[in-house]
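S.K.:
Residue numbers (the working numbering), protein chains in the order written: chain S, 42 to 379; chain U, 42 to 379.
Below you can see the structure in the form of structure tokens.
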């Protein structure tokens, strides 16, 4: 089995996009279900997903374990794994970590650009690392099987998360800073530490993360993947397109501004270009993963390595990340009151 | 396997009570986790349960399917199944039915004594039956596998729930009105319709539901069970003690009054006896199920029937009630986009 897994998307979901995922042979996607929404608002988003699962049972279902990727492939569907790009959904309540995991959350970013209750975002001037609550929440995420995602976090916070977490973490959607020096892209120090700790990087196709932006060439992107695989180890890289298909610009404003400011913050955009940037012509939607596969082949990468990058690595990572650390009682303990 | 299952408890949980469940050999209990709490408050109660599950993994774990009863028995623990005595936890949002089921809710009463958004309670003067939302919510509960519990509902509402529900419903804790004419006890019409539709009655040991109250004799109680089994069919009766062990009287006030009145409503109690009534001497806690078993034997009931009443019937009911009506896509449908 050579699974095709995308490590992050936040599309304006529709039957059209769900069918494109099937046409593209996408077996599983980590989808963002919430940014700045609090717990109750996040549950409303889950309710919306539940209605899609009910409406399109022949196209999608909710993924909870790695075996759901196989199930998706065997039944010709796409498994949808939930993620949050900010910890707003757990509010100030560590008990919500397990509750969100029970509801299917499998990835949670500790920050989205700004300081959170847990860590510092990559747009803050001072990165003070994991907070007191941040350390507690990472331990709880480790316990229940909720992956720490540092895509939008600062350098120090990311290194501390890698260090403090007892399970490998992920940067689901970013590229190397050395290739394109965006605030959101990651230093070689971070990438090396991520790889050494068994973590995963998903390469982003979001134009603000690409050298040359929307005009970035396919081969340039794939050469960067090959070099980063050399740096981190081929087992620690995958795809995380950050595809925001069909989203209106009001959504990128919500992503950037939430409720934290009354002003406009353009994030990676600018006053001149406030909206979503146009995607590169070689990756418009879920039917274009073949282009990346072809580009990787053109770098001289072998079939097994290509398969690892396109989904095999994410599948292995899912397999060791989503279960609880102690699901069962040690057998000896439970016999005392029989 | 002869499982011991209690169809309802609302104790002030403690390690002492959890250990008494093990001493009593109780394999599974449907526990009330919420009354008038809204969704977020109910989630806080679930968080409290999650901490107990984490703290006492050798005594209890959360039950989700009938097979968890077997797993509990085999590992010498008690499976805890969540229930709500009022639909406050779903607020005015039908989407919360599936969310609560995902969080483990397996029983939900449509009312608690008063009119709710869904149906009429047994203390209302006029019972207007299922509301518009009530019919929709029952259908959704049927779809996801959340049992309709009418223990605190009025006669017409209960009959309409039996009729409208496409899956058998339950009255988890009540007794026949003909034996003790409390407002909470059920008419022969209701009991007969419940049995004919494949539903379940759990016999309550809560003194306000007993002939003679706290002074009710064990044999009187067990004779009533045997007669009711004749009326409803032996397959449709079980135990639902309504044990409220160690609860302070402030809790019975919350159960009765919630936030719906500024005055005091004594419910089944009175100004002279506002608190929890003392339990009958033959049922003080979870170690006393053997007394009921003995009492049933003294009525002349055979071993197989006693085993059915003490847990076998609930186990069968759990097995057909907690799963979704359409968990999987029909195989043919899913191959189109492979």
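Built from N, CA and C at the ideal position, the CB exists for glycine as well.
Which residues does DSSP pair with residue 272 of chain U in a beta bridge?
M.R.: For residue 272 of chain U, DSSP records no beta bridge to any residue.
S.K.: Compare the C-beta of residue 140 of chain U against all C-beta atoms of chain S and say whether one is closer than 8 angstroms.
M.R.: Interface residue, yes.
S.K.: Rounding to the nearest angstrom, what Cα-Cα distance links residue 49 of chain S and residue 283 of chain S in this structure?
M.R.: The straight-line gap from Cα to Cα measures roughly 5 angstroms.
S.K.: Compare the C-beta of residue 143 of chain U against all C-beta atoms of chain S and say whether one is closer than 8 angstroms.
M.R.: yes
S.K.: Which residues share a DSSP beta bridge with residue 119 of chain S?
M.R.: In DSSP, residue 119 of chain S forms a bridge with S:101.
S.K.: Please return the same chain residues whose Cβ sits closer than 8 angstroms to the Cβ of residue 83 of chain S, not counting the five positions on each side in sequence.
M.R.: Cβ neighbours of residue 83 of chain S within its own chain (closer than 8 angstroms, five residues either side excluded): 74, 75, 125, 129, 130 and 141.
S.K.: Kindly indicate which three-state DSSP category residue 338 of chain U falls into: helix, strand or coil?
M.R.: DSSP, reduced to helix, strand and coil, places residue 338 of chain U within a helical segment of the structure shown.
S.K.: Which term fits residue 167 of chain S, buried or exposed, when burial requires 16 or more other beta carbons within 10 angstroms of its beta carbon?
M.R.: exposed
S.K.: Quick check on residue 154 of chain U - is its C-beta less than 8 angstroms from some C-beta in chain S?
M.R.: Not closer than 8 angstroms to any Cβ of chain S, the Cβ of residue 154 of chain U fails to qualify, so no.
S.K.: Under 7 angstroms between beta-carbons, which chain S residues line up against residue 176 of chain U? List them in chain order, please.
M.R.: Within 7 angstroms of the CB of residue 176 of chain U, no CB atom of chain S is found; the nearest one sits about 18 angstroms away.
S.K.: Please go through the same chain and pick out, in chain order, the residues whose beta-carbon is closer than 6 angstroms to the beta-carbon of residue 214 of chain S, but skip the five residues on each side of it.
M.R.: Once the five neighbours on either side are set aside, the close Cβ partners of residue 214 of chain S are 49, 192, 243, 245, 281 and 283.
S.K.: If the cut is a Cβ gap below 8 angstroms, which residues of chain S does residue 81 of chain U touch?
M.R.: 80 and 81
S.K.: Check whether chain U comes within 8 angstroms of residue 56 of chain S, counting only Cβ atoms and requiring the distance to be less than that.
M.R.: no
S.K.: Among U:63, U:133 and U:273, whose alpha-carbon lies nearest the alpha-carbon of residue 234 of chain U?
M.R.: With distances taken between Cα atoms, residue 234 of chain U lies closest to U:273.
S.K.: Could you please give the first and the last residue of the uninterrupted beta strand (DSSP E) stretch that includes residue 144 of chain U?
M.R.: No beta strand (DSSP E) holds residue 144 of chain U; DSSP gives it neither H nor E.
S.K.: Look at the Cβ atom of residue 197 of chain S, then the Cβ atom of residue 170 of chain S, and state whether they are nearer than 8 angstroms.
M.R.: yes
S.K.: Answer with yes or no whether the minimum CB distance from residue 226 of chain U to chain S is below 8 angstroms.
M.R.: no
S.K.: Report the neighbours of residue 84 of chain S on chain U: residues whose CB is nearer than 7 angstroms to its CB, in chain order.
M.R.: By Cβ distance, chain U contributes 140.
S.K.: Taking the straight line between their C-alpha atoms, what separation do you get for residue 377 of chain S and residue 60 of chain U?
M.R.: Any reading at residue 377 of chain S is ruled out, since the residue's pLDDT is 31, under 50, leaving its predicted position unreliable.
S.K.: What are the uninterrupted segments assigned as alpha helix (DSSP H) that are 4 or more residues long and contained completely in the segment 233-319 of chain S, given in chain order?
M.R.: 259-273 and 290-298
S.K.: Using a C-beta cutoff of 8 angstroms, does residue 258 of chain S count as contacting chain U?
M.R.: no
S.K.: Closer than 8 angstroms, CB to CB, is residue 131 of chain U near chain S or not?
M.R.: no
S.K.: Can you round the beta-carbon distance between residue 97 of chain S and residue 103 of chain S to whole angstroms, since I take them to be within the 8 angstroms contact cut?
M.R.: Their Cβ separation, rounded to whole angstroms, is 12 angstroms, which puts residue 97 of chain S and residue 103 of chain S out of contact at 8 angstroms.
S.K.: What are the start and end residues of the alpha helix (DSSP H) that includes residue 179 of chain U?
M.R.: 173-185
S.K.: Could you pull out every residue in the same chain whose Cβ sits closer than 8 angstroms to the Cβ of residue 248 of chain S, ignoring the five residues on either side in sequence?
M.R.: These residues qualify, in order along the chain: 254, 255, 257, 318, 319, 320 and 321.
S.K.: Assuming residue 200 of chain U and residue 217 of chain U form a contact by the criterion Cβ under 8 angstroms, report the distance between their Cβ atoms to the nearest whole angstrom.
M.R.: Not a contact, Cβ separation roughly 16 angstroms.
S.K.: Please determine, among S:69, S:51, S:297 and S:267, the residue with the shortest C-alpha to C-alpha distance to residue 342 of chain S.
M.R.: S:267
S.K.: Can you name the start and end residues of the beta strand (DSSP E) that residue 353 of chain U belongs to?
M.R.: Looking at the DSSP string, residue 353 of chain U is not in any beta strand (DSSP E), and its letter there is neither H nor E.
S.K.: Have a look at residue 179 of chain U and residue 189 of chain U and give me their C-alpha separation to the nearest angstrom.
M.R.: 7 angstroms
S.K.: DSSP three-state call for residue 169 of chain S: helix, strand or coil?
M.R.: coil
S.K.: On the CB-based measure, 16 or more other CB atoms within 10 Å of its CB, does residue 265 of chain U come out buried or exposed?
M.R.: Flag for residue 265 of chain U reads buried.
S.K.: For residue 71 of chain S, which residues does DSSP report across the bridge?
M.R.: S:122
S.K.: Are the segment 154-163 of chain S and the segment 110-118 of chain U in contact at 8 angstroms, needing three or more beta carbon pairs?
M.R.: no
S.K.: Looking at C-alpha atoms only, which residue of U:356, U:362 and U:203 is the closest neighbour of residue 120 of chain U?
M.R.: Taking residue 120 of chain U as reference, the option from U:356, U:362 and U:203 with the minimal CA-CA separation is U:356.
S.K.: DSSP state of residue 135 of chain S, grouped into three classes?
M.R.: coil
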